[in-house]
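*Asks:*
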Amino acid sequence: MYIILWLVFGAFVGWVASIIMSRNYNMGLVANIIIGLLGSAIGMALMEIFGFGKPDAFSLNGFLVSIGGAAILIALLSAVKHKL
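Quick note on my numbering: the sequence shown kicks off at 45 and runs consecutively.
#1: Take the Cβ of Leu73 as the centre, count every other Cβ of all protein chains shown within 10 Å, and call the residue buried at 16 or more, exposed below.
#2: Given this structure, state the Cα-to-Cα distance separating Ser110 from Gly87, to the nearest angstrom.
#3: Quick check: the Cα distance between Ala114 and Gly97, rounded to an integer number of angstroms?
#4: Under the three-state reduction of DSSP, which class applies to Met91: helix, strand or coil?
#5: What do you reckon, are the CB atoms on Ile79 and Leu104 nearer than 8 Å?
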């Protein structure tokens, strides 16, 4: 059950981040899930590194941090893609 929740959460986070970063047109469901889950991990790690503590994943604060991490990941992937 938790796996399904995480997949839906990752898909929604990845989708919102791709809209914010104007990359929605070239990302599919699997890419949104991967970006969303990895972005959540990046956002949570950055919160801990900067001393803000780790928010709950299924809260508004956790959702916003996850979107921020996913947006950072999309920006990094775009930069790497343009370098190649």
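Yeah, the Cβ is synthetic: ideal placement off N, Cα and C, and Gly gets one too.
*Replies:* Once the coordinates are examined:
#1: With a threshold of 16 other beta carbon atoms within 10 Å, Leu73 falls short and is exposed.
#2: Counting only the Cα atoms, Gly87 lies some 5 Å from Ser110.
#3: Taking the straight line from one Cα to the other gives about 18 Å.
#4: Helix at Met91.
#5: No, Cβ-Cβ distance for Ile79 and Leu104 is not below 8 Å.
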